[in-house]
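Residue numbers (my numbering): 5 to 158.
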């Protein structure tokens, strides 16, 4: 019995789950980004005060930028439009969140990895890195436009 044909069939079957999984990731985390961004924008003064406590320069402007990026980026991720570019922007916001609000977890990523993975930005960052690496999947506007040759990459 040869293993190669079994392996190939398994690979083909398993790959059928890629686009549905990417859709679920985009829907859940896109909405989560939108909701957290909206929360920052709706409570701008409180967010700006928090940013000021973290010694982030121009706290109100940075609160607007972070909230706006999360809000708009979350919606773009949700529908799968400019997904990889959006993932870069959202990853940037999460890296800044690590560097400011969860600095200790970031600095101890190798000494105390549990602290790093339990920090609030981790799953958000992980989700956008998955979309960045694998794309938005077949159930996205990016895929539709790419196939039609008239979209973001065509």
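Ideal Cβ placement from N, Cα and C applies to all residues, glycine included.
Since the model is a prediction, treat every value here as computed from it, not as a measurement.
At the level of alpha carbons, what is the spacing between residue i and residue j?
i           : j           : result
residue 90  : residue 24  : 19 Å
residue 40  : residue 54  : 14 Å
residue 83  : residue 30  : 8 Å
residue 148 : residue 57  : 44 Å
residue 36  : residue 116 : 26 Å
residue 86  : residue 136 : 10 Å
residue 22  : residue 60  : 39 Å
Under a three-way DSSP split, which group does residue i fall into?
i           : result
residue 94  : helix
residue 85  : coil
residue 132 : helix
residue 49  : helix
residue 28  : helix
residue 105 : coil
residue 62  : coil
residue 19  : helix
residue 56  : helix
Buried or exposed for residue i, please, with buried defined as at least 16 other CB atoms from any protein chain shown within 10 angstroms of its CB.
i           : result
residue 140 : buried
residue 146 : buried
residue 75  : buried
residue 52  : buried
residue 62  : exposed
Exercise. Please determine if the segment 123-137 and the segment 86-100 are in contact, where contact requires at least 3 C-beta pairs separated by less than 8 Å.
Key: In short, these stretches touch, since the Cβ pair count reaches three.
Practice problem: May I ask you to verify whether the segment 35-50 touches the segment 59-72, counting CB pairs closer than 8 Å and requiring at least 3? | Solution: yes
Exercise. For the segment 114-124 and the segment 7-17, state whether three or more C-beta atom pairs, one from each stretch, are separated by less than 8 Å.
Key: No, the segment 114-124 does not touch the segment 7-17.
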